[in-house]
Amino acid sequence: MANFDVFNGDADGILSLLQLRLASPTPSTLVTGYKRDINLLSRVDAGANDNVVVLDISMRSNKKDLVRILQNGARVLYIDHHNSGEIPVYDNLEAIINTSPEMCTAMLVDAYLDGAYRAWAVTAAFGDNFPKLAWRKSVGYDLPLESLQRLGRLINYNSYGSSLSDLLYEPSELYSILLNYEDPMLFLKDNGAIIDSLEEQYNQDMLLAEKSKTLDLTKLGKILILENSAGSRRISGVFGNVLSQKYPSMAHAILTHKDNGYMVSIRAPISLGVGSDELAIQFVSGGGRPAAAGINFLHNDDLESFIRAFRKAF
Ligand SMILES: [Mn+2]
Numbered sequence: 000m001a002n003f004d005v006f007n008g009d010a011d012g013i014l015s016l017l018q019l020r021l022a023s024p025t026p027s028t029l030v031t032g033y034k035r036d037i038n039l040l041s042r043v044d045a046g047a048n049d050n051v052v053v054l055d056i057s058m059r060s061n062k063k064d065l066v067r068i069l070q071n072g073a074r075v076l077y078i079d080h081h082n083s084g085e086i087p088v089y090d091n092l093e094a095i096i097n098t099s100p101e102m103c104t105a106m107l108v109d110a111y112l113d114g115a116y117r118a119w120a121v122t123a124a125f126g127d128n129f130p131k132l133a134w135r136k137s138v139g140y141d142l143p144l145e146s147l148q149r150l151g152r153l154i155n156y157n158s159y160g161s162s163l164s165d166l167l168y169e170p171s172e173l174y175s176i177l178l179n180y181e182d183p184m185l186f187l188k189d190n191g192a193i194i195d196s197l198e199e200q201y202n203q204d205m206l207l208a209e210k211s212k213t214l215d216l217t218k219l220g221k222i223l224i225l226e227n228s229a230g231s232r233r234i235s236g237v238f239g240n241v242l243s244q245k246y247p248s249m250a251h252a253i254l255t256h257k258d259n260g261y262m263v264s265i266r267a268p269i270s271l272g273v274g275s276d277e278l279a280i281q282f283v284s285g286g287g288r289p290a291a292a293g294i295n296f297l298h299n300d301d302l303e304s305f306i307r308a309f310r311k312a313f
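When we follow numbering that gives the first Met the number 0, the leftmost residue of the sequence shown carries the number 0, and every step to the right adds one.
Encoded structure:
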C-alpha cells in the first residue's frame, strides 16, 4: 500500500496537508511544485490499495489523470476550491469541492477535522487572500492575527515563480519543516531565519512590482505589465492580492513578460468576488477560481483578445 500526498505548493496547499498529517501522521510520497505547477496527478502512479490525497489543485486540470487513478482502483480524497468542471462519480472518490468565493482549501480541511488546527487554517486563509474568512474563523480563538497574516503571506509568496529555481524554498521542503509544529507561533520561534529571508526577498520583489507599467485602465479594471525577471514572476500573484485589497471595487490583471508572451494573474474585484476563472479558461493554459485565476502562457498574438475579454468580464 502506498500513500501519495498531492498538494499545491502555495500556503493553502501546504497548510491543508499540514493539518491532515498532523491529525493522522502517515508516511507518504509528496507530490507538489511551484504554484502554477498544477498538473500534479500526471506524476502519480497509484492503483488498488493505494491512497491518494489531492489538495488545492483544480480537478478540471487534472481530470484525465484523476479518472485513470480511480479506474486503477486507488482511493482518492480530493479537497479543493477551484473551478472543477464536472466531478466524476466513483465509489473510491471522496470529493469535497466548494467553489464559493470566500472559501479556501485549508478551511475545508479545517471543517473536515472539526477545527483541530484552526491557527494553521487561519494562516492559510490569510495566505490565499481571504482576510475576512481568516478573521471570521478566528473569533473566540485568541490568535496572534498579525503574525499569522505575515506568515501566511510569506509562505504563499514563496510558491510563486515559473520554475522551482525561482523559489527560495522548495514547497516540499518547507512543508517538511512545518510538519514539526502544531502551533504556528512555535514554528516562527524556531525558524525566524526562514521567514526573515522570505520577507527580505518579498520586499525587494515588491520594489520591482511598484515599477510596473499600466497597459489598460478603465473605471472597473486595470491591466499592468511587469518586466521579465524572476522577481516579477515571484511577486505577480501576491502583487495582485495587494492591489485587490487596496482597490476592492477594481479588477486587476498582472502580466509578466515571458519569451513571446506573458504569464497572467487575474484578480476579480473583491466587491464582486467572481469572474476570474471564467475569464482565464477562455485561454488554453488558464484556470483558477472565481476570485483569483491565472493564465500560464498568453501568446503575444492573444494580447488584444485578452484585453477585450478582460473588459467584458469586469
Ligand atoms: Mn487555494
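Just so you know, even glycine gets a beta-carbon here, dropped at the ideal spot from N, CA and C.
- CA-CA distance, Leu54 to Arg310, rounds to 32 Å.
- Bounds of any beta strand (DSSP E) do not take in Phe129, whose DSSP letter is neither H nor E.
- In the structure shown, Ile78 falls within a strand segment according to DSSP collapsed to helix, strand and coil.
- Runs of the alpha helix (DSSP H) spanning 4 or more residues and lying entirely within the segment 94 to 173 occur at 104 to 111, 117 to 126, 130 to 137, 144 to 157, in chain order.
- Val273: not part of any beta strand (DSSP E); DSSP gives it neither H nor E.
- With contacts defined as CB atoms closer than 7 Å, Glu181 and Leu132 fail to qualify as a contacting pair.
- For the options Ala279, Asn48, Pro24, Arg59, the alpha carbon positioned closest to that of Ser41 is the one of Arg59.
- By the neighbour-count criterion, in which 16 or more other beta carbons inside 10 Å mark a residue as buried, Thr255 falls on the buried side.
- Contact between Met249 and Lys221 holds: their C-beta atoms lie close to 6 Å from each other, under 8 Å.
- For Lys257, the beta-bridge partners assigned by DSSP are Gly260.
- Nearest to Ile253 by alpha-carbon distance, out of Gln244, Arg266, Lys245, is Arg266.
- Between ligand 1 and Asp127, a heavy atom-to-CB distance of less than 6 Å is present.
- Here Leu216 carries a strand assignment [DSSP, helix/strand/coil].
- Annotation for Val52: the continuous beta strand (DSSP E) segment containing it runs 50 to 54.
- Under DSSP, the beta-bridge partners assigned to Val5 are Val30, Val53.
- Partner residues in the beta bridge of Lys221, as assigned by DSSP, are Leu216, His251.
- Taking C-beta atoms under 8 Å as the contact rule, Gly12 and Thr31 qualify, at a distance of about 7 Å.
- Going by C-alpha positions, Ser146 is about 44 Å away from Asn71.
- According to the DSSP assignment, Gly46 belongs to no alpha helix (DSSP H), since it is labelled neither H nor E.
- DSSP, reduced to helix, strand and coil, places Arg35 outside both helices and strands of the structure shown, so it counts as coil.
- Beta bridge pairing from DSSP links Arg266 with His251, Ala291.
- Within the chosen limit of 6 Å, ligand 1 reaches the beta carbon of Asp11 through at least one heavy atom.
- Distances taken from the Cβ of Asp55 to the heavy atoms of ligand 1 include one shorter than 6 Å.
- Checking the 6 Å criterion, the Cβ of Thr98 is out of range of every heavy atom belonging to ligand 1.
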